[in-house]
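Numbering (this note's numbering), first residue to last: -13 to 699.
The beta carbon of each residue, even a glycine, is placed where N, CA and C say it ideally should be.
Quantities reported herein were computed from a predicted structural model and do not represent experimental measurements.
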């Protein structure tokens, strides 16, 4: 039977009760399982005799069935008596505007359907002209049991084994969310789920409360993320140790590296050709001694071994994750889980007669998606080209400087400033691409939420991958490949030649580019933004709710805030895509170009040790409690990880063979060296150019070596 329970806190003799900690209804017995929040606005006018110092107290209406007024109140209304307390000021709320009235009717209809389904709700009477109101929902055990039967949740028939049930609270919250998202009754002109009501501003938000115990209530989907992040962080430990050993090997063998010693030897008169037209002079190769020695730290035989090790490491990590994933699925009772295909279209609007979208309906969205993604990728490449132009023009300008220190530090200045520009652009475009990917996915109108999530992830990953790695790919495989030769250089603009690699090769610059972008993204985007942005939004929400117009007739200002009010100030949970995305991009930094930066796993490990704790703190104290979702794997992210692992083998092979000097040194040592050593390698790699063959107007002006140099290298 349906029990009517109408409690009017304004009636004489009824004292208002608040639950300890704000986790229960006002009877302090029934627990708040879910909260709906909404803003309302009315036209108000005060009337009637109470004490001017008193305000209308908040009235709690608790219902688990049809709402009915108490018999004494009905009798008083029949005799024309006022049911208000004589000590309470009455606030006469005028009629609503049509939009607010429509929202109120939708809320009433939705809450009535919740009560008819067996859920119990508690709400505050709207005793102000405008403000924020909450609807608390409690799911009785008999309702949960009934829904469990409908959903065919498997339960043991005999207590044969002592198995601790995982995620009891999670299952309960999941069933509540399922009940909230069910369509309303057919008599409603347009069937809406809770997501639709939130989109239409009927409700502002919906969320479960943060509880005291936090070990289970995040749900298996978030649990899988933290399990994956923990295993990934553990696997970074051995790779970090090996990376440190490889780096130390480079430090210990730098004095015995013959090519760098030959470059630093001033007795070897390697006079190099000018780096730019007219203003640049001839220079000696020994002036690049520091760059050559630093390149040996990352360009030595040990880095080849490390790249092979990291390829095997990525495979071992993925295989161990599959084992851990199966273990968690077993212990969390997910082996027989059948994922429910929730329609994505119903998230917004479900008409009475569902119409199937044809390919003609979807084609415009697909075309816009393709054109937009192509434009975004072209924009990224255009920015990379713009940075290249900046490097070329800045190098030419610094070479013409009268300051000697500026001319001597041209490469360092240009490289550092260009990498910082790349980092800033990457951070800005990452945020833009995330928004664009979501809008483009919504235009496709996927059939299910799973399809929507997978398409969103693929678009966001493609755009952010290109954005993060385009500058690195340029330095690794394109810089210095299209320079030309003395007397026949390739020009970007008249007078501006394509930039060249440093004498020690482009691997050192690739290492600088990779380290600054990786560390900058981790420090700024992953850590500062991850905590700072939610705090700023939380502060803004507090300031917004503390405006004078929102405090009108608010009797709760002097009271201890309830848990649902505290959780409302928190930032809504928007999904795990940003969390996975930053780790997947980091995984790419660790595996794709590890041959050029052996310390990448070390910095990734240090970041992840902090990341795990920041994520835990953010989920507990900065975000509203997310809806519990059951999931037996990490979804499409595993396919992306597997693809990056396979792609890393190809990329590292190209880095070793194309970017580093490992292959040219082996060829010289075993094919051209007279004694099987590296002596004479530098001279072997440098050709001669007769300076008289320079084109008119390109040779150095007023060079002190003008009559001393006949050939340059």
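Could you pull the DSSP bridge partners for residue 191 from this structure? 23
Can you look up residue 704 in the DSSP assignment and give me helix, strand or coil? In the structure as shown, the chain starts at -13 and stops at 699, and residue 704 therefore has no counterpart that could be examined.
C-beta atoms of residue 282 and residue 223 nearer than 8 Å: no
Given residue 120 as reference, the closest of 207, 507, 11 once Cα atoms are compared: 11
Own chain residues within Cβ distance below 7 Å of residue 506, not counting five before or after: 409
Best match in 16, 256, 133, 124 for proximity to residue 674 [C-alpha to C-alpha]: 256
Relative to the C-alpha of residue 285, which candidate in 364, 496, 366, 357 has its C-alpha closest? 496
Check the DSSP bridge columns for residue 479 and list the partner residues they point to. 482
Burial state of residue 210 (16 or more Cβ within 10 Å): buried
Between the alpha carbons of residue 523 and residue 613, how many angstroms are there, rounded? 21 Å
Assign residue 609 to one of three DSSP states: helix, strand, or coil. strand
Measuring alpha carbon to alpha carbon, tell me which of 208, 184, 129, 86 ends up nearest residue 564. 208
Would you call the segment 585 to 605 in contact with the segment 210 to 220, where contact means no fewer than 3 C-beta pairs closer than 8 Å? yes
Can you tell me whether residue 258 is helix, strand or coil according to DSSP? strand
Continuous beta strand (DSSP E) stretch holding residue 122: start and end: 116 to 124
Can you grab the Cα-Cα spacing for the pair residue 358 / residue 460, in whole Å? 23 Å
Would residue 398 be called buried (16 or more neighbouring beta carbons within 10 Å of its own) or exposed? exposed
In DSSP terms, what residue 470 is bridged to: 475
According to DSSP, simplified to helix, strand and coil, what is residue 73? Model confidence at residue 73 stands at a pLDDT of 42, short of 50, so the residue's coordinates are unreliable; what they give is reported in the following sentence. It is coil, neither helix nor strand.
Please classify residue 603 as buried or exposed, where buried requires at least 16 other C-beta atoms within 10 Å of its C-beta. exposed
CB contact flag (residue 278, residue 249, <8 Å): yes
Cβ-Cβ distance between residue 672 and residue 651 below 8 Å: no
Rounded to the nearest angstrom, how far is the Cβ of residue 608 from that of residue 556, given a contact under 8 Å? 6 Å
Name the DSSP bridge partner or partners of residue 269? 258
Please decide whether residue 515 counts as near chain D, where near means a Cβ-Cβ distance under 8 Å. No chain D is part of this structure, which consists of one protein chain only.
Any contact of the segment 342 to 353 with the segment 434 to 446, i.e. 3+ C-beta pairs under 8 Å? no
4-residue-minimum alpha helix (DSSP H) runs that sit fully inside the segment 275 to 318, ordered along the chain: 275 to 284, 287 to 317
With residue 436 as the anchor, note down where its alpha helix (DSSP H) starts and where it stops. 435 to 463
Pull up the distance between the alpha-carbon of residue 124 and that of residue 100, whole angstroms please. 10 Å
Whether or not the segment 577 to 592 and the segment 632 to 644 are in contact is what I'm after, with contact meaning three or more pairs of Cβ atoms, one per stretch, closer than 8 Å; do they touch? yes
Residue 287 to residue 315 span [Cα, whole Å]: 43 Å
Quick check on DSSP: helix, strand or coil for residue 676? strand
Return helix, strand or coil for residue 110, following the three-state DSSP convention. strand
Let me know the secondary structure DSSP gives residue 237 once reduced to three states. helix
Between the beta-carbon of residue 694 and the beta-carbon of residue 593, is there less than 8 Å? no
Is DSSP giving residue 660 helix, strand or coil here? coil
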